[in-house]
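Colleague:
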Amino acid sequence: MQSAISTVKHLANSLAAPHSFIDAHDDHIPLNSGNGRELKFPPDFVWGTATASYQVEGGCDAGGRGLSIWDTFSRERCVDNGDVACGHFFKYEEDVKLMQQLGFKNYRLSISWSRIQPTGRGPINAEGVAFYNDLINCLLAHGVEPLITLYHWDLPQALEDELGGWQNREIAPTFCDYARLCFELFGDRVKNWLTFNEPWCVCLLGYGTGEHAPGITCDDGSKVYMAAHNVLRAHAAAVDIYRREYKAQQGGVIGITLNCNWNEPVPDKDPAAAQRNADAAHRILMWSLGWFADPIWRGEYPPEMRQRCGDRLPAFTDEEKALLKGSSDFLGLNHYFSDFVKDSTKGEFVSHWGITSKGGYFGDMAATTEGHHTWSQTDMGWNVVPWGFKELLLWCQERYNPPGGIYITENGCAVPEPTKESSVKDCFRVAYLTSYIAAMHEAMEAGADVRGYFAWSFLDNFEWSLGYSKRFGIVHVDYDTLARTPKASAHWFARVTAHNAVHIRDGAKFTDAATRHCVAKAVAAAAAIAAAPFAMPSISAAASTRLAA
1 MQSAISTVKH
11 LANSLAAPHS
21 FIDAHDDHIP
31 LNSGNGRELK
41 FPPDFVWGTA
51 TASYQVEGGC
61 DAGGRGLSIW
71 DTFSRERCVD
81 NGDVACGHFF
91 KYEEDVKLMQ
101 QLGFKNYRLS
111 ISWSRIQPTG
121 RGPINAEGVA
131 FYNDLINCLL
141 AHGVEPLITL
151 YHWDLPQALE
161 DELGGWQNRE
171 IAPTFCDYAR
181 LCFELFGDRV
191 KNWLTFNEPW
201 CVCLLGYGTG
211 EHAPGITCDD
221 GSKVYMAAHN
231 VLRAHAAAVD
241 IYRREYKAQQ
251 GGVIGITLNC
261 NWNEPVPDKD
271 PAAAQRNADA
281 AHRILMWSLG
291 WFADPIWRGE
301 YPPEMRQRCG
311 DRLPAFTDEE
321 KALLKGSSDF
331 LGLNHYFSDF
341 VKDSTKGEFV
351 SHWGITSKGG
361 YFGDMAATTE
371 GHHTWSQTDM
381 GWNVVPWGFK
391 ELLLWCQERY
401 NPPGGIYITE
411 NGCAVPEPTK
421 ESSVKDCFRV
431 AYLTSYIAAM
441 HEAMEAGADV
451 RGYFAWSFLD
461 NFEWSLGYSK
471 RFGIVHVDYD
481 TLARTPKASA
491 HWFARVTAHN
501 AVHIRDGAKF
511 TDAATRHCVA
521 KAVAAAAAIA
531 AAPFAMPSIS
541 AAASTRLAA
């Protein structure tokens with residue numbers, strides 16, 4: 001144990017050291033330099049980057065676009081809003097040319113529903129359709145294949161006002177009308193579709209905690225579960241429409257993107273306590289990923305949810321179950337961090353930030369999540385735990401075995417970047433991406449059918465209720481001038497995609513499945529940091545303090 005602590009303390013100095021040798025030019029990014037090996041990926045592996053409409057487009061009052069719930073919410077409750085964002089609505093050609101220059105051949109984007117139908121129903125907005133036609137055509141002309149998300153959180157405000165948004169069963173057929181329009185308008189060129197992005201966030205943060213638009217709160221969880229129920233109904237019906245009416249002619253695929261962290265049970269010498277912790281970790285997986293993935297791949301909500309939630313959890317009809325089961329051609333997965341988990345004897349949920357929630361959705365889970373003092377954190381306060389990514393992928397493969405494989409539709413990190421100079425020399429992000437892609441490769445070698453990876457995000461952008469304070473992009477955006485500057489991570493990722501491989505040092509191992517003890521995990525985390533292509537700089541003084549403790 002003493003040697004493990006010494007190793008971790010030694011790494012604190014490396015993490016805190018300046019790294020001015022990391023230059024934005026790709027020749028200085030050590031993909032293939034020094035001793036090491038390449039982790040090669042299958043020849044048909046898909047590499048790409050991702051954004052979302054409200055986070056990058058701007059032009060909120062341009063081109064006939066209607067109000068979305070995020071326009072209303074951010075203007076009334078947030079410091080920032082997406083009125084301008086990255087100006088992608090006006091600068092899309094520049095962005096697409098930059099993708100081509102960097103060699104990125106796949107791009108995940110979303111369509112703004114209120115740009116197509118300003119009130120969510122009725123007449124089509126010709127200017128909005130023209131924008132997406134121009135964007136899609138521009139992407140294809142530059143050798144970039146689009147993956148389009150139909151709904152990335154920006155519901156037309158009129159549908160929230162008139163129907164109550166995702167609380168109303170009528171939202172499902174309304175969404176299907178919009179989806180059908182998109183299939184008709186763009187499906188001759190778009191061959192890859194996602195219905196929803198992260199419905200967990202849509203439902204819990206929008207109709208439970210009120211952190212996201214439309215900002216509704218609910219103590220008992222009933223509104224959260226109803227919103228999710230209607231999202232699932234809308235998803236299944238839209239997929240059915242595509243398969244029956246468009247797939248034969250257009251030849252595309254359609255799925256959904258779900259978000260999930262890995263939740264590792266805290267070990268305990270008492271077998272009964274260890275089992276309770278394992279059960280708690282499983283519950284969090286069920287209340288996050290299983291909530292949506294179980295109906296889609298298994299035809300019903302997880303049994304744990306049905307038992308604990310009772311009549312607060314809506315029931316599917318037999319027809320809805322049949323429509324849901326198998327209603328995704330692949331699993332789209334967004335992943336960012338992991339936690340340790342303990343059972344909560346008080347029937348409450350305690351996050352690793354120390355926030356306690358009682359009753360409702362969180363009380364149903366009854367768990368405590370925590371990090372470890374050796375773990376680095378991103379600027380979001382999310383734990384950097386590459387081995388958790390591997391564990392999650394293998395868990396998904398075993399439980400769902402999606403016939404079309406797993407696509408990582410988002411993975412990345414926010415890093416403090418107070419100046420443009422610090423932003424473009426984002427070696428922490430390069431190290432993060434290296435370690436997570438390496439962990440993904442290990443999962444693939446162990447049997448996970450992963451077929452693609454999309455880095456979040458192509459551009460710095462509007463990070464929802466946090467505004468512009470968090471930068472996830474591999475391309476820097478100056479929010480005063482809207483100038484774009486590729487960061488070190490963009491040049492590094494360009495070389496990864498060009499080589500279809502990631503380079504790691506000899507002896508590097510980013511995951512550890514041999515033991516679950518905290519100290520062993522600390523050693524594994526330390527080894528991952530030490531074996532990265534270059535040492536990560538500290539992202540905060542607090543992180544270095546935690547590491548050295």
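Counting in UniProt numbering, the sequence shown runs from 1 upward without gaps.
Think of the CB as a built atom: it goes at the ideal place given N, C-alpha and C, for glycine as much as any other residue.
Please classify residue 353 as buried or exposed, where buried requires at least 16 neighbouring CB atoms within 10 angstroms.
Modeller: Here residue 353 corresponds to residue number 353 of the sequence shown, with the count starting at 1. Burial call: exposed.
Colleague: Span of the beta strand (DSSP E) holding residue 339?
Modeller: On the sequence shown, position 339 is the one that residue 339 refers to. Where residue 339 is concerned, the enclosing beta strand (DSSP E) stretches over 338 to 343.
Colleague: Can you give the beta carbon distance from residue 59 to residue 156, rounded, assuming they're within the 8 Å contact cut?
Modeller: By 1-based counting over the sequence shown, the position of residue 59 is 59. By 1-based counting over the sequence shown, the position of residue 156 is 156. Contact flag wrong, Cβ pair sits at about 16 Å.
Colleague: Looking at C-beta atoms only, is the number of pairs between the segment 386 to 396 and the segment 310 to 320 that lie closer than 8 Å three or more?
Modeller: No contact exists between the segment 386 to 396 and the segment 310 to 320.
Colleague: Residue 70 and residue 54 - do their beta-carbons sit closer together than 8 Å?
Modeller: Counted from its first residue, the sequence shown places residue 54 at position 54. Counted from its first residue, the sequence shown places residue 70 at position 70. Yes, these two residues count as a Cβ contact at 8 Å.
Colleague: What did DSSP end up calling residue 420 once you bin it into helix, strand or coil?
Modeller: Here residue 420 refers to the residue found at position 420 of the sequence shown. In this structure, residue 420 counts as helix in the three-state DSSP scheme.
Colleague: Cβ atoms of residue 63 and residue 131: under 8 Å apart, would you say?
Modeller: On the sequence shown, residue 131 is found 131 positions in, with the first residue counted as 1. On the sequence shown, residue 63 is found 63 positions in, with the first residue counted as 1. Closer than 8 Å, so yes.
Colleague: On the three-state DSSP scale, how would you describe residue 232?
Modeller: Within the sequence shown, the letter at position 232 stands for residue 232. Three-state result, residue 232: helix.
Colleague: Going by beta carbon distance, what residues of the same chain come within less than 6 Å of residue 498, once the five residues before and after it are set aside?
Modeller: Within the sequence shown, residue 498 is the residue found at index 498, counting from 1. Contacts found: 103.
Colleague: Going by beta-carbon coordinates alone, are residue 287 and residue 389 separated by less than 8 Å?
Modeller: Start at 1 with the first residue of the sequence shown, and residue 287 comes out as number 287. Start at 1 with the first residue of the sequence shown, and residue 389 comes out as number 389. Result no, Cβ atoms of residue 287 and residue 389 do not sit closer than 8 Å.
Colleague: Measure from the alpha carbon of residue 466 to the alpha carbon of each residue in 477, 398, 211 and 303, then state which is nearest.
Modeller: For the purposes of this step, residue 466 is identified with residue 466 of the sequence shown, where counting begins at 1. Of the listed residues, the one whose Cα sits closest to residue 466 is 211.
Colleague: Residue ranges of each alpha helix (DSSP H) run of no fewer than 4 residues wholly in the segment 99 to 153, ordered along the chain?
Modeller: Taking only runs of at least 4 residues, the alpha helix (DSSP H) segments lying wholly in the segment 99 to 153 are 113 to 116 and 126 to 141.
Colleague: Smallest Cα separation from residue 387: which of 200, 443 and 39?
Modeller: On the sequence shown, residue 387 is found 387 positions in, with the first residue counted as 1. If we check each option's Cα against that of residue 387, 443 comes out closest.
Colleague: Out of 193, 216 and 43, point me to the one whose CA is closest to residue 202's CA.
Modeller: As a working mapping, residue 202 is identified with position 202 in the sequence shown. The option with the nearest alpha carbon to residue 202 is 216.
Colleague: Check whether the Cβ atoms of residue 236 and residue 207 lie closer than 8 Å to each other.
Modeller: Sequence index remark: in the sequence shown, residue 236 carries index 236 (1-based). Sequence index remark: in the sequence shown, residue 207 carries index 207 (1-based). No, they are not a contact pair.
Colleague: The alpha helix (DSSP H) spanning residue 296 covers which residue range?
Modeller: As a position in the sequence shown, residue 296 is number 296, starting the count at 1. 291 to 298 is the extent of the alpha helix (DSSP H) around residue 296.
Colleague: Mind listing, in chain order, the continuous beta strand (DSSP E) runs of no fewer than 3 residues lying wholly within the segment 242 to 276?
Modeller: Listed in chain order, they are 253 to 259 and 262 to 265.
Colleague: Is the separation between the beta-carbon of residue 96 and that of residue 152 shorter than 8 Å?
Modeller: The residue labelled residue 96 in the question sits at position 96 within the sequence shown. The residue labelled residue 152 in the question sits at position 152 within the sequence shown. Their beta carbons are not under 8 Å apart, which means residue 96 does not touch residue 152 by this criterion.
Colleague: Are residue 88 and residue 57 touching if we call contact CB-CB under 8 Å?
Modeller: Here the question's residue 88 lines up with position 88 in the sequence shown. Here the question's residue 57 lines up with position 57 in the sequence shown. Yes, Cβ-Cβ distance for residue 88 and residue 57 is below 8 Å.
Colleague: Please classify residue 355 as buried or exposed, where buried requires at least 16 neighbouring CB atoms within 10 angstroms.
Modeller: Along the sequence shown, read from residue 1 onward, the residue named residue 355 stands at position 355. Per the 10 Å Cβ criterion, exposed.
Colleague: Quick one: what's got a C-beta closer than 7 Å to residue 448's C-beta in the same chain, skipping five residues either side?
Modeller: On the sequence shown, residue 448 is found 448 positions in, with the first residue counted as 1. These residues qualify, in order along the chain: 393, 394, 397 and 406.
Colleague: So, for residue 136: in the same chain, excluding its five sequence neighbours on each side, which residues have a beta-carbon less than 7 Å away from its beta-carbon?
Modeller: In the sequence shown, residue 136 corresponds to position 136, counting from 1. For residue 136, where only same-chain residues beyond five positions count, the Cβ hits under 7 Å are 146, 186, 189 and 190.
Colleague: Look up residue 425 in the DSSP assignment and say whether it is helix, strand or coil.
Modeller: Walking along the sequence shown from the start, residue 425 turns up at place 425. Residue 425 falls in the coil class under three-state DSSP.
Colleague: By the three-class DSSP mapping on this structure, what secondary structure does residue 40 have?
Modeller: Counted from its first residue, the sequence shown places residue 40 at position 40. Strand at residue 40.
Colleague: Is it buried or exposed for residue 473, if we count other Cβ within 10 angstroms and need 16 for buried?
Modeller: To locate residue 473, count along the sequence shown from 1; it is residue 473. Its Cβ being crowded by 16 or more others within 10 Å, residue 473 is buried.
Colleague: Should residue 160 be labelled buried (16 or more other beta-carbon atoms within 10 Å of its own) or exposed?
Modeller: Numbered from its first residue, the sequence shown carries residue 160 at position 160. Result: buried.
Colleague: With 16 other CB atoms within 10 Å as the buried threshold, where does residue 30 fall?
Modeller: On the sequence shown, position 30 is the one that residue 30 refers to. A caution first: residue 30 carries a pLDDT of 43, below 50, which makes its placement in the model unreliable, though a value can still be read off. Looking at its Cβ environment, which holds 16 or more other Cβ atoms inside 10 Å, residue 30 is buried.
Colleague: Are there three or more Cβ pairs, one per stretch, closer than 8 Å when the segment 339 to 350 is compared with the segment 366 to 376?
Modeller: Touching, yes.
Colleague: Assess, as a yes-or-no matter, whether the segment 417 to 431 is touched by the segment 483 to 496 under the definition of 3 or more beta carbon pairs within less than 8 Å.
Modeller: As far as the Cβ criterion goes, the segment 483 to 496 touches the segment 417 to 431, which means the pair count is three or higher.
Colleague: According to DSSP, residue 477 sits in a beta bridge with which residue or residues?
Modeller: Translated into the one-based positions of the sequence shown, residue 477 becomes position 477. Answer by DSSP bridge pairing, in chain order: 484.
Colleague: Kindly indicate which three-state DSSP category residue 390 falls into: helix, strand or coil?
Modeller: Position 390 of the sequence shown, counting from 1, holds the residue named residue 390. The answer is helix: DSSP assigns residue 390 an H, G or I state.
Colleague: When we look at the beta-carbon of residue 446 and count the other beta-carbons within 10 Å, is it buried (16 or more) or exposed?
Modeller: Taking the first residue of the sequence shown as position 1, residue 446 is located at position 446. Label assigned to residue 446: exposed.
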